[in-house]
Amino acid sequence: MTYTYDRRLIAKDVIIDVGLIEKLRKDFLTLMKNVPRVHDYATAHELDDAFRIYNARFKDLFFEHFLNRDFKYDNTISDGDRRWFDKELRKTGWDLYIEMRVPISRADDYYSEEARFREFTEQSPRWANRVKDKARTFWAAMKSFLEWYQRTRDKTEYTVKVPGLDQVEMEGFKVIVEGYDENDERARDYMERFKEGLRVFRRRAAQVLPLMLHHMLPIKVIAWSRALDEGGRYLGPSQPLEFTLDAFFDDKNAQRVAQVIAHEMGHHLHRSYLSAADRTFWDGAIRGDYEPIDLQKLLAQWPESMSYASDFSESIRESDPDLSIAVDAAYWTKQVGMAGFTKREEAAKLLADGDKFFAPKNPITPYASKNSEEAFCEAVGMLVGYGPHAVPAVVKHWLGEILPGIRVSRTLVRDALHRVV
16 MTYTYDRRLI AKDVIIDVGL IEKLRKDFLT LMKNVPRVHD YATAHELDDA
66 FRIYNARFKD LFFEHFLNRD FKYDNTISDG DRRWFDKELR KTGWDLYIEM
116 RVPISRADDY YSEEARFREF TEQSPRWANR VKDKARTFWA AMKSFLEWYQ
166 RTRDKTEYTV KVPGLDQVEM EGFKVIVEGY DENDERARDY MERFKEGLRV
216 FRRRAAQVLP LMLHHMLPIK VIAWSRALDE GGRYLGPSQP LEFTLDAFFD
266 DKNAQRVAQV IAHEMGHHLH RSYLSAADRT FWDGAIRGDY EPIDLQKLLA
316 QWPESMSYAS DFSESIRESD PDLSIAVDAA YWTKQVGMAG FTKREEAAKL
366 LADGDKFFAP KNPITPYASK NSEEAFCEAV GMLVGYGPHA VPAVVKHWLG
416 EILPGIRVSR TLVRDALHRV V
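Offset between the sequence shown (1-based) and our numbering: plus 15.
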């Protein structure tokens, strides 16, 4: 075993009172004061990274530790608390969390850095007014809640427990662990699974993409159950990658864990290592790979008795894996409000209306359809997690154009498209 815990981690108490709200308000205003000082594209993204960090910590404190605790097992939460949480705090807090995203996008082959920065300068004044309004509403709601709490409980502060932190060595990585209890059998099992995933990640990244290890960020493992079990989170170039153990409970093999780790590191490489020209090339390659799928041919293969796209995709996964991924992409994009279909009747309606659904000729994963950055992260994630055979040859060639030192099959020269500068 390559990691040890010297003690059981004890949760610490965090006091939510008027003083903390005022401190958070001042920190927020300090961030907002920098908005008018942004004069170029790069600085806008530095501000975005700062807001991402603040927002992630805001979410963890107010949602994970405070508002979204399990009412069934936490007997410190009264019915009055719940009414405040449901009617005032959760909505106003979420409105602030959603709005607290700087309106700056990444440059691509359609929009240069100058164009993206022009968008920021046009949108940032209205965004600043909106986010300040949301913040004022939430701070006021929190202060009203604390005043009510003092009147009804005769207490001026609200105490929440935050899981303790420790730092251990795991498979050669320094890992921050939050909320681990060695007496929890399930947590021990998940931690062993994560450790095995780290071992696979280190070995395979060294084999196919050593650049990833050279730029490796610290790792933080969250070992307690969260309200939202994200597999991983990238918070910015100066922050650890965060992984939630509970999110891996269905992932029996370590390759999947390695893939998620590599995916989150992919965000770091995309934003902090790739040049603007590299990102433009990648975005153009991904966008240029899309073509309309033949809906008539698709429906001919899709049994009328099989309603859901997810079931149809599963049925053709072995016989036609590329079409299976395209159907999964259509299902996923429809679920998040984009073009696509979740049922056979919806695909039939697209055909009847003369509409089209575009899917990649060289699919990576369904989630890669979200945008070109996620496509990059999914590509390097699959490459490291499952090996070069899991990534289409053309996509590996594109990766080779922007990631020096990537180690893939020599047949790429024969199989791949050539870069057009």
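Using N, Cα and C, we set each Cβ at its ideal position, and we do this for glycine too.
Looking only at its own chain, which residues have a Cβ that is under 7 Å from the Cβ of residue i, when we skip the five neighbours before and after it?
i: proline 255; result: Ile191, Leu232, Pro233, Ile234, Lys235
i: alanine 273; result: Gly212, Val215, Phe216, Arg219, Val399, Gly400
i: serine 139; result: Val50, Pro118
i: glutamate 342; result: Here residue 342 turns out to be valine, not glutamate, going by the sequence shown. Only Ala324, Phe327, Ser328 meet the Cβ criterion.
i: tyrosine 112; result: Asn70, Phe73, Lys74
i: glycine 420; result: Pro225, Leu226
i: histidine 230; result: His283, Leu284, Tyr288
i: lysine 170; result: Tyr164
i: alanine 238; result: Val192, Glu193, Gly194, Tyr195, Ala202, Met206, Leu260
i: serine 322; result: Lys358, Arg359
i: arginine 271; result: Gly400
i: proline 403; result: Val223, Lys411, Val423, Ser424
i: methionine 397; result: Gln274, Ile379, Thr380, Ala405, Val406
With DSSP run on the structure shown, which of helix, strand or coil describes residue i?
i: alanine 126; result: First, the amino acid is wrong: residue 126 is tyrosine here, not alanine. Correct three-state label for tyrosine 126: coil.
i: isoleucine 421; result: coil
i: glutamate 30; result: Residue identity differs from the one stated: residue 30 is isoleucine in this sequence, not glutamate. Reduced to three states, the DSSP call for isoleucine 30 is strand.
i: phenylalanine 258; result: strand
i: proline 307; result: strand
i: arginine 346; result: According to the sequence shown, residue 346 is tyrosine rather than arginine. It is helical.
i: tyrosine 323; result: strand
i: arginine 434; result: Caution is warranted here: a pLDDT of 32 is assigned to arginine 434, below 50, making its placement in the model unreliable, and the coordinate value is therefore given only provisionally. Coil.
i: threonine 17; result: Here the model assigns threonine 17 a pLDDT of 40, short of 50, so the residue's position is not dependable, and the following value carries that caveat. Three-state DSSP puts threonine 17 in coil, outside helix and strand.
Who are the Cβ neighbours of residue i in its own chain at under 8 Å, not counting the five residues just before and after it?
i: isoleucine 30; result: Glu172, Tyr173, Thr174
i: alanine 221; result: Leu228
i: leucine 3; result: What is shown of the chain runs 16 to 436, which leaves residue 3 out entirely.
i: phenylalanine 66; result: Leu46, Met115, Arg116, Val117
i: glycine 95; result: Trp163, Thr167
i: tryptophan 99; result: Phe160, Trp163
i: alanine 176; result: What sits at residue 176 in the sequence shown is lysine, not alanine. For lysine 176, where only same-chain residues beyond five positions count, the Cβ hits under 8 Å are Ala26, Lys27, Asp28, Val29, His80.
i: threonine 107; result: Lys149, Thr152, Phe153, Ala156
i: proline 407; result: Asn377, Pro378, Ile379
With C-beta atoms as the reference, is residue i less than 7 Å away from residue j?
i: phenylalanine 391; j: histidine 285; result: yes
i: alanine 269; j: glutamate 211; result: yes
i: proline 307; j: alanine 344; result: no
i: alanine 437; j: threonine 357; result: Nothing can be reported for residue 437, as the shown portion of the chain is limited to 16 through 436.
i: leucine 104; j: leucine 76; result: no
i: lysine 27; j: glycine 179; result: yes
i: leucine 289; j: isoleucine 417; result: yes
i: lysine 376; j: aspartate 304; result: yes
i: alanine 405; j: glutamate 393; result: no
i: serine 387; j: isoleucine 301; result: yes
i: phenylalanine 43; j: alanine 143; result: no
i: glycine 281; j: valine 395; result: yes
i: leucine 365; j: leucine 310; result: yes
Using 6 Å as the cut-off, classify the Cβ of residue i as near or not near the heavy atoms of the ligand ATP, replying yes or no.
i: tyrosine 195; result: The ligand content of the structure shown is nil, which means the ligand ATP is not present either.
Excluding the five sequence neighbours on either side, which residues of its own chain have a C-beta within less than 6 Å of the C-beta of residue i, listed in chain order?
i: alanine 71; result: Leu250
i: arginine 248; result: Glu257
i: alanine 292; result: none
i: tyrosine 88; result: Note that tyrosine 88 scores a pLDDT of 44, beneath 50, so its modelled location is shaky; the value from the coordinates is reported in the next line. Answer for tyrosine 88: no residue qualifies.
i: valine 53; result: Ala59, Leu62
i: lysine 349; result: Gly355, Phe356, Thr357
i: valine 275; result: Gly246, Gly247
i: arginine 422; result: Val223
i: aspartate 110; result: Lys149
i: phenylalanine 86; result: In this prediction, phenylalanine 86 scores a pLDDT of 49, lower than 50, which makes its location untrustworthy; the coordinate-derived value is nonetheless stated afterwards. The answer, listed in chain order, is Ile92.
i: serine 253; result: none
i: tyrosine 346; result: Ala324, Ser325, Thr357
Looking at the C-beta of residue i, does it have a partner C-beta in chain D at a distance below 7 Å?
i: tryptophan 297; result: Any reference to chain D falls outside this structure, which holds one protein chain only.
Fill in: Completely contained beta strand (DSSP E) runs for the segment 82 to 121, where each covers 3 or more residues
none
Fill in: Secondary structure, alpha helix (DSSP H): runs of 4+ residues fully inside the segment 366 to 403
387 to 401
Discussion item. Give the list of continuous alpha helix (DSSP H) stretches no shorter than 4 residues that lie fully inside the segment 169 to 256.
Written reply: 200 to 223, 225 to 229
Worksheet item: Is it true that the segment 30 to 49 meets the segment 148 to 158, where meeting means three or more beta-carbon pairs spaced less than 8 Å apart?
Response: yes
Worksheet item: Between the segment 50 to 62 and the segment 130 to 143, do three or more beta carbon pairs fall short of 8 Å?
Response: yes
Fill in: Complete runs of the alpha helix (DSSP H) confined to the segment 30 to 64 [at least 4 residues]
33 to 48
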